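Notes for the one structure printed next.
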């Protein structure tokens, strides 16, 4: 067994809070990029007479709203040593009693705002699908498109692709759900801009109006699927769902210890990005208090070092 000490709550809290603040600072860059692209594409749509580019511009504007929601969630989650929780006062006695649990509750606000961001993405996808179907039905006539529209859409695609690479890298480095959601959103927006470029080229060169509608509907389905996934993952985390296969690995690892006769109960859940675990185990009746204490410390070290479980609450019962 490694002699590496299990970190106390303050050791756990500090790097998580730093990670949340770092992620929030990165998202400010996303807001600046989305706002710039919105202005460029809106002007390009007006000068180039492109409705598709105008729709893409407002899609990027929605990126500002969704990023703002993620930043709000990160801001709330990263607050420490406050006497309130999202504006609701916390009594000093309750703060003393709950300890780190208050901060763990704050971490869940990150998940809540991820859920809202997923909802916005799903709504955008539905809107694109509806407009594409309506265009098919009404056979809206084409307008003469200018080359500036294609240039604006192409510029947007390149910038968003670079931004997605940036977000993807930092979401993995920081293991941050908000940056992961931002990365998915940015990739979706880059695909939207690419679709706009292709739409303009095909429309101008081949005069295939149905191609524009077909690609728009397909892209809308993709955006809807991505938003639904984010919404689903966040919802499951909020109701304390956890992968049963991973819980089974936890249980088998704890049960493999010689002092553990059986694992009676085991349940894991997320607080933001943190994995918390509760377990009830049966031990031989002749174990001393010192041996039980050492066993609990051993279980905490194993779950921390091998699985990244930040906190393991172990209850002991005798088993014959």
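Residue numbers (the working numbering): 208 to 527.
All residues carry an ideal CB built from backbone N, CA and C; glycine is no exception.
Computed from a predicted model, the values in this text were never measured in an experiment.
Subject >> Straight-line gap, residue 460 to residue 521 (C-alpha atoms, nearest Å) >> reply: The count along the chain shown starts at 1 and reaches residue 460 at position 253. The count along the chain shown starts at 1 and reaches residue 521 at position 314. Taking the straight line joining both Cα atoms gives about 14 Å.
**OP:** Taking residue 359 as the reference, give the member of 250, 476, 495 with the closest Cα.
**Re:** Within the chain shown, numbered from 1, the residue matching residue 359 stands at position 152. Among 250, 476, 495, the Cα nearest to that of residue 359 is on 250.
Original post:
When burial is assigned at 16 or more other CB atoms within 10 Å of the CB, is residue 322 buried or exposed?
Top reply: The count along the chain shown starts at 1 and reaches residue 322 at position 115. Classification of residue 322: buried, given that the 10 Å Cβ count is 16 or more.
Subject >> Contained beta strand (DSSP E) runs [length at least 3] in the stretch 385-441, N- to C-terminal order >> reply: none
Original post:
Which residues bound the beta strand (DSSP E) around residue 522?
Top reply: On the chain shown, position 315 is the one that residue 522 refers to. Start and end: 518-525.
**OP:** Would you kindly check if the distance between the Cβ of residue 248 and the Cβ of residue 378 is under 8 Å?
**Re:** Locating residue 378 in the chain shown gives position 171, where the first residue counts as 1. Locating residue 248 in the chain shown gives position 41, where the first residue counts as 1. Result no, Cβ atoms of residue 378 and residue 248 do not sit closer than 8 Å.
Original post:
Any idea if residue 472 is buried or exposed, counting beta-carbon neighbours within 10 angstroms, 16 or more meaning buried?
Top reply: The sequence position of residue 472 within the chain shown is 265, counting from 1. Label assigned to residue 472: exposed.
Original post:
CA-CA distance, residue 382 and residue 274?
Top reply: Within the chain shown, numbered from 1, the residue matching residue 382 stands at position 175. Within the chain shown, numbered from 1, the residue matching residue 274 stands at position 67. Approximately 17 Å, taken between the alpha carbons.
**OP:** Determine the direct distance from the alpha carbon of residue 316 to that of residue 509, and round the result to whole angstroms.
**Re:** Stepping through the chain shown from its first residue, residue 509 is reached at position 302. Stepping through the chain shown from its first residue, residue 316 is reached at position 109. If you take the alpha carbons of residue 509 and residue 316, they lie about 29 Å apart.
**OP:** Keeping to the same chain, check which residues put their C-beta closer than 6 Å to that of residue 487; ignore five residues upstream and five downstream.
**Re:** The residue labelled residue 487 in the question sits at position 280 within the chain shown. Result list for residue 487: 471, 472, 522, in chain order.
Subject >> Rounded Cβ spacing between residue 528 and residue 245 (contact assumed at less than 8 Å) >> reply: In the structure displayed, the chain extends from 208 to 527; residue 528 sits before or after that span and is not available.
Original post:
Roughly how far, in whole angstroms, is the beta-carbon of residue 506 from the beta-carbon of residue 519, given that I think they are within contact range, below 8 Å?
Top reply: Taking the chain shown and counting its residues from 1, the one referred to as residue 506 is at position 299. Taking the chain shown and counting its residues from 1, the one referred to as residue 519 is at position 312. About 6 Å; that satisfies the 8 Å criterion.
**OP:** Check whether the stretch 325-335 touches the stretch 426-442, taking contact to mean three or more Cβ pairs, one atom from each stretch, closer than 8 Å.
**Re:** yes
Original post:
In angstroms, rounded to a whole number, what distance separates the CA positions of residue 387 and residue 498?
Top reply: Position 180 of the chain shown holds residue 387. Position 291 of the chain shown holds residue 498. The straight-line gap from Cα to Cα measures roughly 43 Å.
Original post:
Apart from the five residues on each side of it in sequence, which residues of its chain come closer than 8 Å, Cβ to Cβ, to residue 515?
Top reply: For the purposes of this step, residue 515 is identified with residue 308 of the chain shown, where counting begins at 1. Around residue 515: 482.
Original post:
Can you tell which of 257, 235, 425, 320 has the C-alpha that lies nearest to the C-alpha of residue 335?
Top reply: For the purposes of this step, residue 335 is taken as the residue at position 128 of the chain shown. Residue 335 has its Cα closest to that of 425, out of 257, 235, 425, 320.
Original post:
Going by Cα to Cα distance, which pick from 232, 270, 254 is closest to residue 243?
Top reply: Mapped onto the chain shown, residue 243 falls at position 36. Comparing Cα positions, the closest option is 270.
**OP:** Determine the extent of the beta strand (DSSP E) in which residue 470 is found, giving its start and end residues.
**Re:** Indexing the chain shown from 1 puts residue 470 at position 263. Taken as a continuous stretch (DSSP letters only), the beta strand (DSSP E) holding residue 470 covers 469-478.
Original post:
Name the DSSP bridge partner or partners of residue 489?
Top reply: As a working mapping, residue 489 is identified with position 282 in the chain shown. Beta-bridge pairing links residue 489 to 469, 524.
**OP:** Indicate the three-state DSSP secondary structure (helix, strand or coil) for residue 508 in the structure shown.
**Re:** On the chain shown, residue 508 is found 301 positions in, with the first residue counted as 1. Three-state DSSP puts residue 508 in a helix.
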